[in-house]
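Following: one structure in C-alpha cells, then a few remarks.
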Amino acid sequence: MTKPLKLLLVAGARPNFMKIAPVIHAIRAHNSAGNGGGRKINFRLVHTGQHYDEKMSGVFFQELGIPAPDDNLEIGSGSHAAQTANIMLAFEPVCLRENPDWVVVVGDVNSTMACTLVAAKLGIPVAHIEAGLRSFDRGMPEELNRLVTDALADLLLTPSTDGNDNLRREGVDEKKIRCVGNVMIDSLIDQLDQAAGANTLERLGLQQGRFVYVTLHRPSNVDTRENLEVIVRELTSLSGQWTILFPIHPRTRGRMAEFGLSFDAHPGVRTLEPLGYLDSLNLTRHARFLLTDSGGLQEESTYFRTPCLTLRPNTERPITITVGSNRLTSVATLRDDIIQLLAAPERLGATPPLWDGHTAGRIVHELLHNAR
Ligand code: UD1
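Taking my numbering, the leading residue of the sequence shown gets 99, the next gets one more, and so forth.
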C-alpha cells in the first residue's frame, strides 16, 4: 500500500488562517471519501505564534473550524530580523523530526518566508499557496517575503493568472506553476450561512449600506506620525456624513497612543477591537464601501462587489481592480475618490475566474500529483 502523503501546514498570522482552513477541510474530505483507493494524506498544523492574541488568532480557529495546532512555536512579536530568526530556529527541529513530503505555506507574512527558508535548506519541498502576487514595491515587507518564498518554493499555486505571468517573468520554471484560484474565497463561501446568523449589523446598530468599513494597519500608513495624523483627520471629516466602523489593529492602536491621536471627540468614528471573521465578512458584504490597506479585504469586497478604496500606491492584487470593485486611493485624493465612488452604482465589478469555492480541492490534487 502507498505510504500516506505527509504535510506540514504552516500558519502564523491573522490573514493565514482563512487560507489554511479550506486546505484542512479538503484534506479531510479527501481522506473520508476513501480517496478512490488513492493515497491518504496525513498533516500536522504548525502555528508559529506570530499572532497570538485571541482576537488576532484564537477566534479564527474557532470560527473556521481549524483544529488546535499540533505545534505552537509561540514566537510572538519582534523586529523583522528577530521574528524571522526565531521562527526559523523553532521550525527547523519540527522539520527534522517530521521529515514531511511537503511544507505548505500560505500568503506573505514573515512566517511564510521563514518556514520556506528552513524547509528549502533542508531539501524539503515547499508548496506556496497564493504565489506570484507582486506589488513591485520592495518597501513593503510582504513583497520581500513573496519574492523569497517564490524563489525557493517547488510548487507555486497562484490565485489568478497575473501571478503566473509574474513568476514566468522572474524565470520560474513553468512546470512549477499552477493557477488554482483563490483559496480565501473557499472560506468565504463556506462561511456565508454562519455569517448570516451572526447578526453583526443588529449587534452594532448598523443599517445596510449606510456605513463605511475601515481597516488600516500597514506600516506605510500607520507608522509615521504625519501619515497617521492625516488619516485621522480625514476619517473624522468623513464621519460627519457616514458612520465609520473602524476595528483597530494592535499595530495601529499602538501608534495612535504613541502619537497622542484619538477619535474620542468624534463619536461618528466607532473604533472597535479587531473583529472576528464572520463579523468582518458581514461588514464587507453590507457596507456602502470599504477603506482599507488589507490584501484580504480587497479580495473579499471584490467577491461581494462592494466598492473598495485601497489606501496604498499599489496592490499585489490587480485583478481586484481590473475585474472587481477595488480602486487605489491616497490621503491627498481620498475626498475626491469618495465623491466619485458615491456617484457610481452601489455594487461593482465581477467575480474573477476560479474564485469559486473549490480552490482547496485543486490544491490537494496538485500536492498529491506533484509529490516526489
Ligand atoms: C502582519 C503581516 C502583514 C499582515 C498583518 C495582518 C508581516 C511582515 N506582516 O503584520 O502582512 O497584513 O500581519 O494582521 O508578517 N500584536 C499584538 N497581538 C498580536 C500580534 C501582534 O498586539 O496577536 C502587535 C505587536 O505589538 C506587534 C504588532 O502588533 O509588534 C505588529 O505585529 P506583526 O506580526 O509584527 O505585524 P503586523 O503589523 O500584524
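Glycine residues also receive a C-beta, built at the ideal position from the N, C-alpha and C atoms.
In this structure, Asp-321 is the residue among Glu-332, Asp-321, Leu-343 and Thr-334 with its C-alpha nearest to the C-alpha of Ala-355. In this structure, DSSP gives Asn-208 a helical state, which the three-state scheme calls helix. Between Thr-350 and the set Gly-459, Asn-264, Gln-339 and Leu-370, the nearest pair of CA atoms involves Leu-370. The C-alpha of Ala-448 is placed about 8 Å away from the C-alpha of Ser-423.
When rounded, the separation of the alpha-carbon atoms in Glu-241 and Arg-267 is 16 Å. In summary, Pro-405 is buried, with 16 or more beta-carbon neighbours lying within 10 Å of its beta-carbon over all protein chains present. Closest option to Gly-279, judged by alpha-carbon separation, among Phe-357, Ser-258, Ser-175 and Leu-343: Ser-258. Secondary structure remark: continuous alpha helix (DSSP H) runs of at least 4 residues inside the segment 128 to 164, in chain order: 157 to 162. With a threshold of 16 other beta carbon atoms within 10 Å, Lys-117 meets it and is buried. Under DSSP, the beta-bridge partners assigned to Tyr-311 are Leu-343 and Leu-388. Within 10 angstroms of the beta-carbon of Pro-165 lie fewer than 16 other beta-carbons, which makes it exposed. The Cβ neighbour count for Asn-197, taken over all protein chains shown within 10 Å, is under 16; the residue is labelled exposed. The beta carbons of Ala-119 and Leu-162 sit closer together than 7 Å. In this structure, the straight-line span from the alpha carbon of Pro-317 to that of Thr-182 is close to 17 Å. Following the DSSP letters along the chain, one finds His-178 inside the alpha helix (DSSP H) bounded by residues 178 to 196.
It is roughly 10 Å from the alpha-carbon of Gly-174 to the alpha-carbon of Ala-111.
Going by DSSP, Ile-275 is part of the beta strand (DSSP E) stretching over 275 to 277. Put simply, the backbone Cα of Arg-232 is about 11 Å away from that of Thr-256. Here Ala-442 carries a coil assignment [DSSP, helix/strand/coil]. In summary, Asp-362 is exposed, with fewer than 16 beta-carbon neighbours lying within 10 Å of its beta-carbon over all protein chains present. DSSP assignment within the segment 363 to 409 yields the following whole beta strand (DSSP E) runs of 3 residues or more, N-terminal first: 367 to 370, 387 to 390 and 406 to 409. DSSP, reduced to helix, strand and coil, places Ile-287 within a helical segment of the structure shown. Per DSSP, reduced to three states, the secondary structure at Asn-114 is helical.
Contact annotation: Gly-230 and Asn-208 have beta-carbon atoms that are not nearer than 7 Å. If you draw a straight line from the Cα of Ala-218 to the Cα of Ile-185, it comes to about 14 Å.
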